[in-house]
Structure formats: structure tokens, C-alpha cells
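Trainee: Handing you this structure, nothing more for now.
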Amino acid sequence: MNFLEKLLNIIFPIQCGICGKIGNSICDKCYNDLKKYEIKKQYEDLFFAYKYEGVIRNLIIKYKFHDKSYLYKTFSEILLKNKNLCKFLKCYDIIIPVPLHKKRLQERGYNQADLIAKEIAKKTGLAYYNNVLIKNKNIKPQSIKNIQERVNDVLGIYEVKNSELIKEKNILIFDDIYTTGSTAQECKKELLKSGANKVGILVLAKDYIN
Ligand SMILES: [Zn+2]
Numbered sequence: 013m014n015f016l017e018k019l020l021n022i023i024f025p026i027q028c029g030i031c032g033k034i035g036n037s038i039c040d041k042c043y044n045d046l047k048k049y050e051i052k053k054q055y056e057d058l059f060f061a062y063k064y065e066g067v068i069r070n071l072i073i074k075y076k077f078h079d080k081s082y083l084y085k086t087f088s089e090i091l092l093k094n095k096n097l098c099k100f101l102k103c104y105d106i107i108i109p110v111p112l113h114k115k116r117l118q119e120r121g122y123n124q125a126d127l128i129a130k131e132i133a134k135k136t137g138l139a140y141y142n143n144v145l146i147k148n149k150n151i152k153p154q155s156i157k158n159i160q161e162r163v164n165d166v167l168g169i170y171e172v173k174n175s176e177l178i179k180e181k182n183i184l185i186f187d188d189i190y191t192t193g194s195t196a197q198e199c200k201k202e203l204l205k206s207g208a209n210k211v212g213i214l215v216l217a218k219d220y221i222n
């Protein structure tokens, strides 16, 4: 921690993102309470950390829609406390967040996936790029559509720029919520087409409703 960080810490002490207890961005009690939402099933190139329900779901809603951007610290911390995830991260060189369209980014002021991915990169030493995957079309929110519409919707809306950065590299795409997976899978396809060696997907919460 540098001087400025120490000073900020005194003025705005770090609090648990769930219960508000001062000291850490997630307290031990809240972290243990989240264990019941953890997804244990493992896949080779896909990692789902939590089920999108209960406390996790509420926290993500606060984070995305109620202007609580500071919660990225809580999310990155709970992810990095997961030993299986840390093992999974070792297979990758670069982490890339699923991008927002620039219009949506202006409205919200931040890309929720981007803040978490950047923090994970900072803590683990993975490279992080937000100038590789670009969303070039703004589409209606996915929550009001059926599965087929969602799949059709995302076709061709992501573009890869600066592809020399990802040539032969192992890339991890990060997204906050995975429902049908159409978004993350479309990003994966584009990265592979542009020369990535391997592309995995890391998701904070898997939505089983749809
Ligand atoms: Zn707490």
C-alpha cells in the first residue's frame, strides 16, 4: 500500500461489501456464508464461481444497477480466495473482460466486468487488455429475450482489435453473469479466429433460471 492508499484507507476505511464490517472488502463470516452458492463442478476451460441467487445475486444487482462500483473489490477478493480458481488462472496469460458498447458504458459510467477483471490481473500478474475485444453494436438488454433471440443477437457484434497482443496466447474471458453463454461464446469465437491459442471463460455467477 502506498501513502495515498493508506491515507484513503483512514478516511474511507475498507468495509465488507455485504455486512459493512470494517477491515476487509469481505469479512470471514460473509465469505463463509457465500459457500452455499459456490459451484463445485469443474470444466476444462469454463469456470463458474457461484450460482446467481440469494446474497450473490443481490450483491451483483447492487453492483450493476445501484451505482456501487466499489463492490468490484469484494467480488475480486471472493474469487481469488477460491483455490480451485487460482489453479485455473495459472493456465492463462491474459484476462479480457466482456466489453460493453460505448453508449452503455457512458450511461453506467463503468463496465462491471472490466473493474473485476482488472483487479484480478493486478493481484495475480495476468496481463489485462480492454482494447482487444470491442462491442460494436448496442443491443436490447438480453433479459427480455428468449434463447434463440439471444444467440442471433450477439452474432458478429464483437470485434477484435490489436490482435497482435493475443497471438498464440491463452486468453481468459471474464463476465459477471452467464445465462445462455451466447455472449461469452461469441467473444471466444472471435478471439480464436484472431489467433489466440486457447480461450477459457471465467464467470462470477451462473444463472440457472433460463
Ligand atoms: Zn461481512
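Residues in the sequence shown are numbered consecutively from 13, following my numbering. Backbone N, C-alpha and C define an ideal beta-carbon position, used for all residues, glycine too. Just so we're clear, the structure is a prediction, and the values are computed from it rather than from any experiment.
For L127, count the other beta carbons within 10 Å of its own beta carbon; 16 or more makes it buried, fewer makes it exposed. Which is it?
Mentor: buried
Trainee: Taking N148 and E171 to be in contact with their CB atoms under 8 Å, please state how far apart those CB atoms are, rounded to whole angstroms.
Mentor: 5 Å
Trainee: According to the neighbour-count rule (16 or more other Cβ atoms, all chains shown, within 10 Å of its Cβ), is N123 buried or exposed?
Mentor: buried
Trainee: Quick one: what's got a C-beta closer than 7 Å to K200's C-beta in the same chain, skipping five residues either side?
Mentor: I185, V211, I213
Trainee: Less than 7 Å between the CB of I90 and some heavy atom of ligand 1, yes or no?
Mentor: The beta carbon of I90 sits no closer than 7 Å to any heavy atom of ligand 1.
Trainee: Go ahead and label L20 buried or exposed: buried means 16 or more other beta carbons lie within 10 angstroms of its beta carbon, across all protein chains shown.
Mentor: exposed
Trainee: Per DSSP, L184 forms a beta bridge with which residues?
Mentor: I107, G212
Trainee: When we look at the beta-carbon of C103 and count the other beta-carbons within 10 Å, is it buried (16 or more) or exposed?
Mentor: Exposure of C103 is indicated by the presence of fewer than 16 other C-beta atoms within 10 angstroms of its C-beta.
Trainee: Given 8 Å as the limit, is there contact between the stretch 96-111 and the stretch 128-143, that is, 3 or more CB pairs closer than that?
Mentor: yes
Trainee: Determine the extent of the alpha helix (DSSP H) in which V67 is found, giving its start and end residues.
Mentor: 66-77
Trainee: Given the structure, does I128 come close to ligand 1, in the sense that its CB is under 7 Å from one of the ligand's heavy atoms?
Mentor: No, Cβ of I128 sits at least 7 Å from all heavy atoms of ligand 1.
Trainee: Under 8 Å by Cβ, that's how I've got A61 and L83 pegged, so tell me the actual separation to the nearest angstrom.
Mentor: Not confirmed; about 15 Å, so no contact.
Trainee: Would the C-beta of K218 count as close to ligand 1, meaning under 7 Å from any of its heavy atoms?
Mentor: Result no, Cβ not under 7 Å from ligand 1.
Trainee: For I68, is the beta carbon positioned less than 7 Å from some heavy atom of ligand 1?
Mentor: Answer for I68: no, Cβ out of range of ligand 1.
Trainee: DSSP state of E56, grouped into three classes?
Mentor: Note: E56 maps to coil in three-state DSSP.
Trainee: Bridge partners for I146 per DSSP, in chain order?
Mentor: E171
Trainee: Could you check where the alpha helix (DSSP H) with I23 kicks off and where it finishes?
Mentor: 15-23
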